[in-house]
Each structure stands twice: as C-alpha cells, then as structure tokens.
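According to the working numbering, the sequence shown is numbered sequentially starting from -4. Don't be surprised by glycine CBs; every beta carbon is placed ideally from N, CA and C. Heads up: the structure comes next, in structure tokens.
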Amino acid sequence: MNGYYLSQENVKDFISHLMKKKTVYAPHAKADHSFVFEEVVDADNVILDYVRTLNSIKKYFMPSREVMLRYNLDDNSYSIEDVEPVKGIFLGVHSYDMQAVLRLDHSFSHGNPEKNYLTRRLDNIFIGTSFTPDNFHFSSSVNIQPHKTEGFDLFMHKTDRGYVLEEVTKTGSDLMKGFDQLTKFHGEYPNSEHFKSHLYAPQEKLSKVFEESYDNPVWHEIAQKCVGCGTCNLACPTCYCFDVEDHVDLSLQSGSRERRLDSCMLRGFTEVAGGEVFRDRLADRIRHRVYRKFKYISDSAGEPWCVGCGRCTIYCTAGISIVDIVNRLVSDYDKKQIVQDSDMIAAWD
Ligand code: SF4
Ligand code: SF4
C-alpha cells in the first residue's frame, strides 16, 4: 500500500474533502481540557492532536439509551424500532478505541448476534491518528501500539510538520482520490511511542495470574476506597452490559421497551427477581469487572478485553487505578511462585 504526505496547513482542506463524501465524526474540544467525538460541521473545529476523548466512538453504535420496541395492549400489537447504519467517516480515532470497536464486534456477533449494534456498524469508514501516550495510557501492554493500523481504512501518522497517510484498505485509498494536496511519501512509517504506564505481564501470564487471584485480599482493600459509582464501566470503550425496562404509559394500554447501558459495579445490576443480589459485596463487583477485562472473555477470545485507554483510572471518583490492581496481582503471584519454588528446592535437598 502507498503512503502520502499531508502537511499541517492542508489538514483542514482534507477534512472538507472528506465531508463532501460522507458525514464525518471527529474529535472536538469540550471545555478547556476535554475532547468529544462529534459530527463535523466546520473543519476548523476538528482537533486531531488530542490526548483521549471522554467517551469512545462506541456511543454511535451502542447509544446509552434506546427504544427497542413499542407495544399496544388495545390490539395486542407491537412494532420494532427501525435502526439505520451510521454510514459515517470516523476521523482521528486512536488505535485503542478502534481495537475496542473490534472487541465489541466480537461480543455482538458471537452467540446471538445483536441486530441493532451490527446494523449501525454497517458502511462505516475509519481513519486513525497516532497519539502520544500520557501518564494513563498503557495500551502497548495489551499489544496496541499508537500506530497500530488494524481495523482502519486509512491511518494518519503524526509527524513534526503534518501527517503521513498510510493506505490500509482500498476504501481508504479511494478517500484520497480527488484531493490533490498530497505528495508521495517514500520513508518508513513511524511506529513507536514511549509509554509511562505498563502492566507487568503479557496476557498469557495474566491468564495464569488471574487463575490464582480470586481470593487475593486486594479486592477487599480496593473496596475500602471504591464508592460503587459505576463511572469506570460507563467510561470503558469495551463495556457493553445493558438493562431492558418496560415503560408503560398512564393509560396502562401502551408503552415502550427500552435498553440502557448498565454497570456491573452497581449493586442493582446483580439483583434478580425475589430480591436476591448475587454480587452484593463491592469487593465481588470490583473483582468481576477486572476479571471481565483480563480473564473471562480473554481466555476464549485470546486477547485482553481491556484496551489500555486509561479512562477508568482517570475518571474514577476514588482514584483507583486498574494498572495498580493488575500489577499488584502479578507481584503477589510472582512472590507466591518464588515461595513455591524454594519449597520445592528445599524438598529436593
Ligand atoms: S478497563 Fe479501563 S483502561 Fe481498560 S479499556 Fe476499559 S476504561 Fe480503558
Ligand atoms: S469509578 Fe472508581 S469509585 Fe466508581 S465504581 Fe469504578 S472503581 Fe469504584
């Protein structure tokens, strides 16, 4: 595939060129230090050099609230709400958020394929941009480098004076047709960035670590600080658990069935008919969330379900770091292994 150089002064023209093809969604500034993905109305407002967005692009494929169907008891009828493909160009997506979409694709297409999500995912185009890791990104620890192009159609590698555009798919290549402010690039694509935050073990080892960590005291220690607000779930680009509720109107004759994002950190999430709560203790809910990211799904899918975006740590009301939790488990596991090894050596002597 070919590469092209896009100078910084031509970036806005390139965005305007994309806007003529499809609706473009890209990062915009929100208040002083935050960023959100929004539909682009004016190319001047797009910010491609950003740290991370508050929410990931998951919100376009899985809205936090949606009506699934409407029903009427007068004639016992119901109608399923229509869902349309988003059909947009997602510009300036970081590799960890792209990887999160690929994980959601897996979650929603295995078992019982989920129609609404999969319909919205049709006909979307993704243009990535590389990022400079801050103190909270740790995606390289889960094999997601800032220049990883998997899932993208076109990738914009940031350089000092603009971007190197890497064609990843034919769709990405077609996006550049008709835009004549590009020059051919003949070098190596940039491919490394320095991370300040790391997990101490790769997924293969984490799977073993988690086998031994179910009764680790860390779950109770973290529960002393955690306030059970659920922000970590809502901020996470790979969390997708939802609740379904019926809303009946005052006449009790018609209503709607609504799906809304839920959080496994909230007590009510595990409350079932009869009032039983099967993860009543906060420590159990914290453990469940972290096991969902590094063990339960990962063992069958073969990769972590955490993409290392750092959102759950930054936005945690209590300052709890998922990196610190995982590294504590690794460290306790290693200490246990050393004790077991020395016991074995002593038995041989
Ligand atoms: S668990 Fe935390 S760091 Fe991992 S993907 Fe979710 S929000 Fe990002
Ligand atoms: S965001 Fe922090 S305090 Fe809130 S539930 Fe998650 S870990 Fe607990």
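- Looking at the DSSP output, residue 23 sits in a beta bridge with 31 and 41.
- Straight-line measurement puts the Cα of residue 325 at about 6 Å from the Cα of residue 204.
- Burial state of residue 289 is buried, judged by a 10 Å Cβ sphere holding 16 or more other Cβ atoms.
- Counting the other Cβ atoms within 10 Å of the Cβ of residue 139 gives 16 or more, which makes it buried.
- In this structure residue 71 is exposed. Its beta-carbon is surrounded by fewer than 16 other beta-carbon atoms within 10 angstroms.
- Under the three-state reduction of DSSP output, residue 322 falls in the helix class.
- Taking a C-beta distance under 8 Å as the contact criterion, residue 6 and residue 21 do not qualify as a contact pair.
- Sequence-distant Cβ neighbours of residue 299 in its own chain, meaning closer than 6 Å and more than five residues away, are 137, 198, 289 and 293.
- Here residue 187 carries a coil assignment [DSSP, helix/strand/coil].
- Taken through DSSP and simplified to helix, strand or coil, residue 49 comes out as coil.
- By the neighbour-count criterion, in which a residue is buried when 16 or more other Cβ atoms sit within 10 angstroms of its Cβ, residue 161 is buried.
- Distances taken from the Cβ of residue 236 to the heavy atoms of ligand 2 include none shorter than 7 Å.
- Note on geometry: alpha-carbon atoms of residue 33 and residue 105 lie some 29 Å from one another.
- The closest heavy atom of ligand 1 lies 7 Å or more from the beta carbon of residue 75.
- Annotated three-state conformation of residue 153 is strand, per DSSP.
- Measuring C-alpha to C-alpha distances from residue 275 to each of 286, 259, 232 and 166 identifies 259 as the nearest.
- If you keep only unbroken beta strand (DSSP E) runs of at least 3 residues inside the segment 95 to 130, you get 120 to 124.
- Going by DSSP, residue 249 is part of the beta strand (DSSP E) stretching over 249 to 256.
- The alpha carbon of residue 168 has as its nearest neighbour, out of 182, 156 and 151, the alpha carbon of 151.
- In the three-state scheme derived from DSSP, where H, G and I count as helix and E and B as strand, residue 83 is classed as strand.
- Within its own chain, the residues whose Cβ lies closer than 7 Å to the Cβ of residue 238, once the five positions on either side in sequence are excluded, are 255 and 257, listed in chain order.
- Relative to residue -3, the option among 78, 182 and 15 whose CA is nearest is 182.
- Shown in chain order are the residues whose CB sits closer than 6 Å to a heavy atom of ligand 1: 230, 231, 232, 233, 288, 301, 302, 303, 304, 305, 306, 307 and 317.
- Every residue whose beta carbon comes nearer than 6 Å to a heavy atom of ligand 2 appears here in chain order: 221, 222, 223, 224, 225, 226, 227, 260, 311, 312, 313 and 315.
- The C-alpha of residue 282 lies about 10 Å from the C-alpha of residue 320.
- Around the beta carbon of residue 53, a 10 Å sphere encloses 16 or more other beta carbons of the protein chains shown; the residue is thus reported as buried.
- With contacts defined by Cβ atoms closer than 8 Å, residue 50 and residue 78 do not form a contacting pair.
- In terms of Cα proximity to residue 155, the closest of 44, 335, 306 and 286 is 44.
- In the three-state DSSP reduction, residue 17 falls in the coil class, being neither helix nor strand.
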